[in-house]
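Asks:
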DNA sequence: GGTTTTACCCTAGCGGCATTAGGAAGCTGA
DNA sequence: TCAGCTTCCTAATGCCGCTAGGGTAAAACC
């Protein structure tokens, strides 16, 4: 009897690939075991349960995504940085829809508490926004709106909300133009006298 | 033997309620049958399968949502309309997360082809944007960005992306300020000489 | 090199879910 | 009243997540 030679890492990588190919919700323990030519129960030596498997996919995907964004943004500022960030974000999501979907799960705080990628991605966003001259609390507000716009756009695109036409590219890049204008004209707000605003999550 | 007196409409309404309470993915045929005190198989007299049930929830939720938005936007224009639209959108999504989630499914084109609500919601958006002086192709681009921003924001909020603090309200209303500024300063584009742009979906 | 220990993978089995087939009992209209 | 339709049932299939417990390959130790 030859062993399959699995490991948590291999299982996660295969699961991520499978998620990109057939959708995150099609990634089941059974299907994954089938892909490895192994019985379902065998996978439980490497992964606690289905939820943990998905969290692993998310952490893997999140790390990869942040890495790619960081590489593209490096050395840029202002609109250059914004466009590089946004395009890297979108390209990753379109090329790896399963991994991307996984990053959108609801996590228990401690599941992602020690995620370097998460902290890094917040830093990247804030660095970009500071180049636009923003500071708290606008930093937080603008960051949220940017994340929302990016995610919302990709979500609509992935779910077929608009046709998969060449036009989406134009629309996307014009939205980036618009967001650039938005950040340059951000309606600033003074932080309130008393503290409390500082504790906001990004 | 007393009959339960079910109907497609009653089943859908109960399913929508259940989705709001426990999450769309917890709405199963079994759970719903249990709620009615009926066997699983009985529901198949009223609903073709699980997918159709979810589509029904989506259509119901979409209609309700559009209705509420339309009521709020009626008689307003400019920033008033934008804020009314956005707040009605967000409030519905937060009060009815299950129905809202259902509206985000991927549909076959003919499943929603005859949805009045969908057409109406597009009209509402476009009317709002025309009041900002936009015309095609900016109408389409701005509409997409708005939908993306709204959906993205609510999605982040619902999935706990940021803390459930009072601050989210501030952040949201400042994002609306920013979007208003954006629409007033939208970087316009000329339509290309030859046709083709007109066929874009919203 | 032989032995012990570990860790991997298996068989077996539980309960939950979606779905279908076919039958019985209520309701409706002639 | 009785035929016919609808609603609900029982029964069964197959897929899935997950657990318990056992055997063996591979690694660790002497």
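Residue numbers (the working numbering), protein chains in the order written: chain A, 110 to 311; chain B, 110 to 311.
The C-beta atom is built at its ideal place from N, Cα and C for all residues, glycine as well.
Note that the coordinates shown come from a computational prediction; the quantities given were computed from them, not determined experimentally.
Between the stretch 233 to 250 of chain A and the stretch 282 to 298 of chain A, can you find at least three pairs of beta-carbon atoms closer than 8 Å?
Replies: With a cut-off of 8 Å, the stretch 233 to 250 of chain A and the stretch 282 to 298 of chain A count as touching, because enough Cβ pairs lie within range.
Asks: Just to confirm before moving on: does the CB-CB distance between residue 173 of chain B and residue 229 of chain B stay below 8 Å?
Replies: Cβ distance not < 8 Å, so residue 173 of chain B and residue 229 of chain B don't count as in contact.
Asks: Using the C-alpha atoms, what's the distance from residue 115 of chain B back to residue 311 of chain A?
Replies: Here residue 311 of chain A scores only 48 on pLDDT, less than 50, and its place in the model should not be relied on; the value that follows carries that caveat. So the two alpha carbons sit approximately 47 Å from each other.
Asks: From A/286, A/154 and A/203, pick the residue whose C-alpha is nearest to that of residue 260 of chain A; which is it?
Replies: A/203
Asks: Give the DSSP-derived three-state secondary structure of residue 194 of chain A in the structure shown.
Replies: helix
Asks: Specify whether the stretch 187 to 196 of chain A and the stretch 280 to 289 of chain A touch according to this definition: at least 3 beta carbon pairs, one from each stretch, less than 8 Å apart.
Replies: yes
Asks: Quick check on the DSSP output: what are the complete alpha helix (DSSP H) runs of length 4 or more inside the stretch 236 to 282 of chain A, in order along the chain?
Replies: 247 to 267
Asks: Quick check: what's the CA-CA separation for residue 298 of chain B versus residue 181 of chain B?
Replies: 31 Å
Asks: Compute the distance between the beta-carbons of residue 169 of chain B and residue 125 of chain B, then report whether it is under 8 Å.
Replies: yes
Asks: Within the 8 Å Cβ cut-off, does residue 286 of chain A reach chain B?
Replies: yes
Asks: Using beta-carbon positions only, say whether residue 167 of chain B and residue 226 of chain B come within less than 8 Å of one another.
Replies: no
Asks: Nearest-angstrom Cα distance between residue 247 of chain B and residue 256 of chain B?
Replies: 14 Å
Asks: Find out if the Cβ-Cβ distance for the pair residue 254 of chain B, residue 258 of chain A is shorter than 8 Å.
Replies: yes
Asks: Closer than 7 Å between beta carbons: that is the criterion. Which residues of the stretch 260 to 271 of chain B meet it against chain A?
Replies: 260, 261, 262, 264, 265, 268, 269 and 271
Asks: Report, in whole angstroms, the separation of the C-beta atoms of residue 120 of chain B and residue 152 of chain B, which I expect to be a contact under 8 Å.
Replies: 6 Å
Asks: Drop a sphere of 10 angstroms on the beta-carbon of residue 149 of chain A, count the other beta-carbons inside from all chains shown, and report buried for 16 or more, exposed for fewer.
Replies: exposed
Asks: Counting contacts by CB-CB distance shorter than 8 Å, is residue 298 of chain A in contact with chain B?
Replies: yes
Asks: Indicate the three-state DSSP secondary structure (helix, strand or coil) for residue 115 of chain A in the structure shown.
Replies: coil
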